[in-house]
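Novice: Let me begin by handing over the structure; questions about it come next.
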Amino acid sequence: MAEFDDNEGAGSGWMRRDEETPRSFDPLFDPWDEREDELSSRAHDDLFDFAPVEATEEEAEWGWAYRPAGDGYPDRHRVPYEERLTELQRRLRTDTIVLPRPERRWAVTARELAETLLLALLIFFAVRASFQNFKVEGASMEPSLENGEYVIVNKLSYAQLDSGFLDWLPFVGGGSDGPEYLWGSPDRGDVIVFAAPTSTSRDFIKRIIGVPGDEVLINETNGEVSINTVVLFEPYIQGTTACGSACRFEIPLAGSQESFDTCGSSECYFVMGDNRQNSSDSRQGWLVPRENIIGKTLITYWNDGGPEISLAPNHSVGEAEEARD
Numbered sequence: 020m021a022e023f024d025d026n027e028g029a030g031s032g033w034m035r036r037d038e039e040t041p042r043s044f045d046p047l048f049d050p051w052d053e054r055e056d057e058l059s060s061r062a063h064d065d066l067f068d069f070a071p072v073e074a075t076e077e078e079a080e081w082g083w084a085y086r087p088a089g090d091g092y093p094d095r096h097r098v099p100y101e102e103r104l105t106e107l108q109r110r111l112r113t114d115t116i117v118l119p120r121p122e123r124r125w126a127v128t129a130r131e132l133a134e135t136l137l138l139a140l141l142i143f144f145a146v147r148a149s150f151q152n153f154k155v156e157g158a159s160m161e162p163s164l165e166n167g168e169y170v171i172v173n174k175l176s177y178a179q180l181d182s183g184f185l186d187w188l189p190f191v192g193g194g195s196d197g198p199e200y201l202w203g204s205p206d207r208g209d210v211i212v213f214a215a216p217t218s219t220s221r222d223f224i225k226r227i228i229g230v231p232g233d234e235v236l237i238n239e240t241n242g243e244v245s246i247n248t249v250v251l252f253e254p255y256i257q258g259t260t261a262c263g264s265a266c267r268f269e270i271p272l273a274g275s276q277e278s279f280d281t282c283g284s285s286e287c288y289f290v291m292g293d294n295r296q297n298s299s300d301s302r303q304g305w306l307v308p309r310e311n312i313i314g315k316t317l318i319t320y321w322n323d324g325g326p327e328i329s330l331a332p333n334h335s336v337g338e339a340e341e342a343r344d
C-alpha cells in the first residue's frame with residue numbers, strides 16, 4: 020500500500036490506493052471488450068465445471084452430440100444413428116400395428132335404438148303381465164264405482180306357485196296338494212275383474228261375497244245378506260238386496276268334485292254388484308271359476324272426464340256385530 024501524495028488527499032478521508040498493477044477492466048465503468056471468438060469458445064465453462072464438451076468426429080459417429088459423462092459410460096448406449104434407423108424401419112415393415120377401427124356413427128345409432136326398443140318392449144310386457152286398466156261400463160257397482168270410471172287391476176294379487184318341484188330338497192315339506200297362493204287367495208269384499216261365465220268374451224267387475232265352503236243367504240224381507248248364518252255389515256251397497264227364485268246359495272268346498280261339477284274349477288266364488296237392484300251377478304245362479312279371475316282392483320285413476328286417483332273400493336266384509344263395534 021502507498022501513502023497519499025499530499026495532505027489534501029489524506030485530509031479528505033480517502034483510503035490509500037493499491038500500487039499494484041491497475042485492472043485492465045472495471046465492470047462498473049469499462050465496457051465489455053472480450054472478443055466474440057473468445058466468448059463463443061468459453062461455452063459457459065467459467066460458470067459450470069460440468070458443462071458438456073462437444074464430441075469428436077469419431078464420437079459423433081456413435082450418435083453422441085456431446086462426450087459421455089465419464090470413461091465408464093456403458094457401451095450398450097453407443098448405437099450409431101444409422102443402426103437405430105435401420106432397426107426402426109425393420110420393425111415398421113415386419114410388425115403389425117393394430118389400430119381400433121372406429122364404429123360408424125349410423126351403426127352406433129342403430130344399435131342404441133334397437134337396445135332402447137328392446138328394453139321398452141320388455142318393460143311393457145312386464146307391466147302388462149302385472150297390471151291392466153279397465154273401464155267400468157254400467158251402473159252395477161254404484162256408488163263405489165261409477166259408469167265410465169277407469170281402474171287399474173293387479174293381475175298378480177292372486178298369483179299361485181306350485182312348490183311340488185322343490186319336494187326333492189331336504190327340509191322342504193313334500194306332499195304339496197297343488198299350487199299355493201303367494202300373497203293370499205280371493206277374499207270376501209275384494210272387487211275383482213273376471214271373464215263372465217255366461218260370456219267369456221266380456222269382462223265383469225263385481226265384489227266377492229262368498230268363498231268356497233260358504234253358505235250365502237238373502238233375507239227376502241229386509242234384504243240382509245248372511246254368510247254361514249252371520250249377517251254381513253255392508254255400508255258400500257246401494258238399495259236393498261233382492262233375490263229371485265232362490266235366496267239360498269251353497270258354494271262347494273275347494274277341490275271337491277262338486278266344485279268342478281258346479282263351475283268347472285277347483286274354486287268357485289259368489290259375487291254381487293254394489294248396486295243390488297241393478298246388477299247381473301251370482302244371484303242368477305252362476306259362480307265365478309278361479310281361472311276366470313283376471314285380478315283385483317288396485318286404484319281408480321280417471322273419473323267424470325278427468326284424472327282422479329284413489330284406492331279401489333275394496334272392503335273387508337265382516338259380521339254386522341263386529342263391524343259396528
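When you line the sequence shown up against this note's numbering, it's residues 20 to 344, in that order. C-beta: ideal position from N, C-alpha, C; glycine also.
Suppose you measure from the CA of Ala273 to the CA of Val307; what does that come to, to the nearest Å?
Specialist: Looking at the two C-alpha atoms, the distance is approximately 13 Å.
Novice: Opposite Asp280 in the DSSP bridges: which residues?
Specialist: According to DSSP, Asp280 bridges with nothing at all.
Novice: To which residues does DSSP link Lys154 through a beta bridge?
Specialist: DSSP lists Tyr169 as partners of Lys154.
Novice: Do you know whose CA, among Leu317, Pro216, Thr105, lies nearest Phe289's CA?
Specialist: Minimum Cα distance to Phe289 is reached at Pro216.
Novice: For Glu310, which of His334, Ser298, Gly283, Leu111 has the nearest alpha-carbon?
Specialist: Answer by Cα proximity: Gly283.
Novice: Do Phe268 and Gly229 have their C-beta atoms closer together than 8 Å?
Specialist: Contact flag set, yes.
Novice: Beta-carbon separation of Pro271 and Ser163 under 8 Å?
Specialist: Taking 8 Å as the Cβ cut-off, Pro271 and Ser163 do not qualify as a contacting pair.
Novice: For Thr281, which residues in the same chain have their Cβ closer than 7 Å to its Cβ, ignoring the five residues on either side in sequence?
Specialist: The residues are Pro271, Cys287, Leu306.
Novice: Which residue comes first and which comes last in the beta strand (DSSP E) that contains Gly229?
Specialist: Unbroken beta strand (DSSP E) run through Gly229: 218-229.
Novice: Candidates Ile256, Ser204, Gly314, Asp233: which alpha carbon is nearest Ser245's?
Specialist: Of Ile256, Ser204, Gly314, Asp233, the residue nearest in Cα terms is Asp233.
Novice: Between the beta-carbon of Gly242 and the beta-carbon of Arg226, is there less than 8 Å?
Specialist: Not closer than 8 Å, so no.
Novice: The beta strand (DSSP E) spanning Tyr288 covers which residue range?
Specialist: Tyr288 -> beta strand (DSSP E) spans 287-291.
Novice: Taking buried to mean at least 16 other C-beta atoms within 10 Å of its own C-beta, is Gly314 buried or exposed?
Specialist: Buried is the call here.
Novice: Between the C-alpha atoms of Leu330 and Ala158, what's the straight-line distance to the nearest angstrom?
Specialist: Distance between the alpha carbons of Leu330 and Ala158 is about 19 Å.
Novice: If we ignore side chains and look at the alpha-carbon of each, how far apart do Thr260 and Ser275 end up?
Specialist: When rounded, the distance between both Cα atoms is 29 Å.
Novice: Going by beta carbon distance, what residues of the same chain come within less than 8 Å of Gly263, once the five residues before and after it are set aside?
Specialist: These residues qualify, in order along the chain: Arg302, Gln303.
Novice: Assuming Asp206 and Phe213 form a contact by the criterion Cβ under 8 Å, report the distance between their Cβ atoms to the nearest whole angstrom.
Specialist: In fact, because the Cβ distance is near 15 Å, the residues do not count as touching under 8 Å.
Novice: From this set, Phe252, Val170, Pro198, which residue's C-alpha is nearest Leu180's C-alpha?
Specialist: Ranking Phe252, Val170, Pro198 by Cα distance to Leu180 puts Pro198 first.
Novice: Classify Ser275 as helix, strand or coil using the three-state DSSP reduction.
Specialist: Note: Ser275 maps to coil in three-state DSSP.
Novice: Alpha carbon to alpha carbon, what distance is there between Arg147 and Val249?
Specialist: Rounded to the nearest angstrom, the two C-alpha atoms are 40 Å apart.
Novice: Please return the same chain residues whose Cβ sits closer than 6 Å to the Cβ of Thr316, not counting the five positions on each side in sequence.
Specialist: Same-chain partners within the cutoff: Val170, Val172, Val210, Ala331.
Novice: On the DSSP bridge list, what partners appear for Lys315?
Specialist: DSSP, once it has assigned bridges, lists Asn173, Ile211 as partnering Lys315.
Novice: Could you compute how far the alpha carbon of Asn294 sits from the alpha carbon of Glu161?
Specialist: Cα to Cα, Asn294 sits roughly 5 Å from Glu161.
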